[in-house]
Amino acid sequence: MDRIVVRGDDVPFKQWYVDDSVTSALIQQAMSFPGWLGTGGNLAVDDPDAICAGTELIRIDLDGAGAATEDPVCGTPAGGPIGLDPGDNAIVYFKLTNGTLDTVDGGATSSVSVFAGNVGAPQSISIGSKT
Numbered sequence: 071m072d073r074i075v076v077r078g079d080d081v082p083f084k085q086w087y088v089d090d091s092v093t094s095a096l097i098q099q100a101m102s103f104p105g106w107l108g109t110g111g112n113l114a115v116d117d118p119d120a121i122c123a124g125t126e127l128i129r130i131d132l133d134g135a136g137a138a139t140e141d142p143v144c145g146t147p148a149g150g151p152i153g154l155d156p157g158d159n160a161i162v163y164f165k166l167t168n169g170t171l172d173t174v175d176g177g178a179t180s181s182v183s184v185f186a187g188n189v190g191a192p193q194s195i196s197i198g199s200k201t
């Protein structure tokens, strides 16, 4: 995967948070949004058992049960394109550049395209309004 496009704008690699060690069972779960951590623009930490190491991470416990059932998503900033072998899995959370979406977009539909080379996979998404 080498490109994510939202409303015609590329999302820079430094705004991708990748966990490429997830299980196939984990990627079948709903991807949650734990909220914001203060005003710094980072996601709140949701890692009750402190499984993820480091500070430049997105840490999200998708099933809410701690490490007893599944390890959390431990997304690290991407330095470039993501390569996966057949059968491998990855979860990519990405942060949009300020101004890509606005409060008036809540409830609207937009598209997100994920590219691998010249092949794109556009997805239509509903934009939620969360404070």
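Taken in order, the sequence shown gives residues 71 to 201; the numbers are from the numbering used here. Glycine included, every Cβ here is placed at the ideal spot set by N, Cα and C.
Check: Whether or not the stretch 119–133 and the stretch 184–196 are in contact is what I'm after, with contact meaning three or more pairs of Cβ atoms, one per stretch, closer than 8 Å; do they touch?; Outcome: no
Check: In this structure, what does DSSP give as the bridge partners for D129?; Outcome: Inspection of the sequence shows that residue 129 is occupied by Arg rather than by Asp. Note: R129 sits in a beta bridge opposite C144.
Check: Closest by CA to T93, which one among D158, D119 and D80?; Outcome: D158
Check: What residue from I74, I152 and V162 has the CA that sits closest to C144's CA?; Outcome: V162
Check: For the stretch 143–196, list the alpha helix (DSSP H) runs that are entirely contained and at least 4 residues long, ordered along the chain.; Outcome: none
Check: In or out: P142 buried (at least 16 other Cβ within 10 Å) or exposed?; Outcome: buried
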